[in-house]
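If you count by the working numbering, then the sequence shown holds residues 944 to 1090, one letter each, in order.
In this text, a Cβ means the ideal position worked out from N, Cα and C, and glycines have one as well.
Here is the structure we will look at, set down as structure tokens.
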Amino acid sequence: MSGNHSDDDDDRPRSNARWLVGALAVLTVALLVVWWPGCRQYPPVSSRESLGAMKLLYSACNTRDPARLDRVERTVEALARDGKVTPAERESFERIVATARAGDWDKAEDAAFKFAQDQVGAGPADHDPHDRAHDDKKLKAKPGKGK
944 MSGNHSDDDD
954 DRPRSNARWL
964 VGALAVLTVA
974 LLVVWWPGCR
984 QYPPVSSRES
994 LGAMKLLYSA
1004 CNTRDPARLD
1014 RVERTVEALA
1024 RDGKVTPAER
1034 ESFERIVATA
1044 RAGDWDKAED
1054 AAFKFAQDQV
1064 GAGPADHDPH
1074 DRAHDDKKLK
1084 AKPGKGK
């Protein structure tokens, strides 16, 4: 009997190690899916104004405010006319707005957050890092706006 008990004790560390390796493998795959550039759900934004519209979109969804959604639509339309959003960006904004208008505010809020999250490390290759720092300062300077 004590021999079987000893074998169980020997197998326990091996079992824990297998479980840990398995958990690390799953976590690694999940991180790759989230951070791998090809796994982005949304396109990079092409202008500072588009970043502002994205912030407004998240605020509209977060507060469940149809008037803010109207403002997002008008803003995106104007940006499209001025060539400051790509067709893919516009489609992303429209899809999220449509989700909110259909009454699925939680899904729209999650999508707006993911759209913003996908911008980390994104952007045109010719985007000047100095401008990005300027963008960050500009966005941080207005923390209360849109709430």
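- Query: On the three-pair Cβ rule with 8 Å, is the stretch 991–1010 touching the stretch 959–966?
  - Reply: no
- Rounded to a whole number of angstroms, what is the C-alpha to C-alpha distance between Arg-919 and Asp-1053? Residue 919 is absent from the model: the chain starts at 944 and stops at 1090.
- Tell me whether Thr-1029 sits in a helix, a strand or coil according to DSSP, three-state version. In the three-state DSSP reduction, Thr-1029 falls in the coil class, being neither helix nor strand.
- Going by beta carbon distance, what residues of the same chain come within less than 7 Å of Leu-1012, once the five residues before and after it are set aside? The beta carbon of Leu-1012 sits closer than 7 Å to the beta carbons of Ala-1003, Val-1040, Ala-1043 and Arg-1044 from its chain, once the five residues preceding and following it are set aside; these are given in chain order.
- Have a look at Arg-1055 and Met-997 and give me their C-alpha separation to the nearest angstrom. For clarity, residue 1055 is Ala in the given sequence; the question names Arg instead. About 7 Å.
- Check each candidate in Lys-1057, Val-1063 and Ser-993 and name the one with the smallest Cα separation from Ala-1023. Ser-993
- Task: Taking Asp-1047 as the reference, give the member of Arg-957, Pro-1009 and Gln-984 with the closest Cα.
- Result: Pro-1009
- Please name the residue, chosen from Arg-957, Ala-1059, Lys-1050 and Val-988, that lies closest to Gly-1026 on a Cα-to-Cα basis. Val-988
- Task: Keeping to the same chain, check which residues put their C-beta closer than 7 Å to that of Phe-1058; ignore five residues upstream and five downstream.
- Result: Tyr-985, Met-997, Ser-1035 and Ile-1039
- Item | Spatial neighbours of Glu-1016 in its chain, beta-carbon cut-off 7 Å, leaving aside the 5 residues before and after | These residues qualify, in order along the chain: Val-1040.
- Whole angstroms is fine: what's the gap from Gln-1062's alpha carbon to Arg-1007's? 23 Å
- In angstroms, rounded to a whole number, what distance separates the CA positions of Leu-1018 and Leu-970? Note that residue 1018 corresponds to Thr in the displayed sequence, not to Leu. Between Thr-1018 and Leu-970, the C-alpha separation is close to 39 Å.
- What residue does the alpha helix (DSSP H) around Lys-1003 start on, and which one ends it? Looking at the sequence itself, residue 1003 is Ala, so the reference to Lys does not match. Note, Ala-1003: alpha helix (DSSP H), 991–1006.
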